[in-house]
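Numbering (my numbering), first residue to last: 17 to 206.
We put the beta carbon where it would ideally sit given N, CA and C, even for glycine.
One structure is given below, encoded as structure tokens.
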Ligand SMILES: [Zn+2]
């Protein structure tokens, strides 16, 4: 089984260097992205939408030109293990998700996906073997049309200088920047 332009083992190696460890979600995520790439509508330019912040976005970033940094990957955190690739102007897309109804055939994957046992008690070797064995059979593919709000160009609009911190921020956020307001992430700042 290949994942994108890589063999399965090459992909696992890449995942380790990019993601820190060979997370099962990254391996299944790679399989899902590969399916999406093979089924996406015609057209050169596509964006990606992940319905979870876990693992899948990194698989998209490894296997497609879509990254968080270039704005072509969006996370809509619905908590579902699903990825959609869609034509960025028309919105026609393909959604790939892990079909939990298949998991009775792959008990180690089911155990991991539904967190049926603490991680330390899960059989990770069986898990990886089953993922490699199951491959695309774990997934379902649907045609979708994404909401127009995901096709809009994201513009920051005009930029202001915050009177409190002196840093630049989008003026649409109000009189002061969000960091000086309720969304300050720091408890100490020197
Ligand atoms: Zn500020």
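Beta-carbon proximity check, residue i vs residue j, cutoff 8 Å
i	j	result
residue 98	residue 111	yes
residue 120	residue 155	no
residue 34	residue 78	yes
residue 162	residue 51	no
residue 148	residue 17	yes
residue 150	residue 128	no
residue 72	residue 36	no
residue 153	residue 118	yes
residue 68	residue 87	no
residue 46	residue 20	yes
N- and C-terminal bounds of the beta strand (DSSP E) containing residue i
i	result
residue 136	No beta strand (DSSP E) contains residue 136, which DSSP labels as neither H nor E.
residue 176	175-177
residue 64	62-66
residue 186	184-186
Environment of residue i [buried if 16+ CB atoms lie within 10 Å]
i	result
residue 103	buried
residue 146	buried
residue 65	buried
residue 25	exposed
residue 136	exposed
residue 184	exposed
Segment limits, alpha helix (DSSP H) that includes residue i
i	result
residue 97	No alpha helix (DSSP H) holds residue 97; DSSP gives it neither H nor E.
residue 164	From DSSP, residue 164 is part of no alpha helix (DSSP H); its letter is neither H nor E.
residue 76	72-79
residue 220	This structure does not reach residue 220, given that the chain is present from 17 up to 206, and the question cannot be answered.
residue 125	123-129
residue 53	40-55
Closest by C-alpha distance to residue i, when choosing among the options
i	options	result
residue 54	31, 43, 30, 109	109
residue 165	107, 60, 46, 180	107
residue 186	171, 88, 137	171
residue 141	23, 21, 39, 22	39
residue 206	19, 181, 197	181
residue 83	93, 92, 63, 195	63
residue 81	92, 61, 70, 93	61
residue 159	32, 56, 167	56
Item to check | Touch test, the segment 176-183 against the segment 120-132, Cβ-Cβ under 8 Å, three pairs minimum | outcome: The segment 176-183, when compared against the segment 120-132, does not touch it at the 8 Å Cβ threshold.
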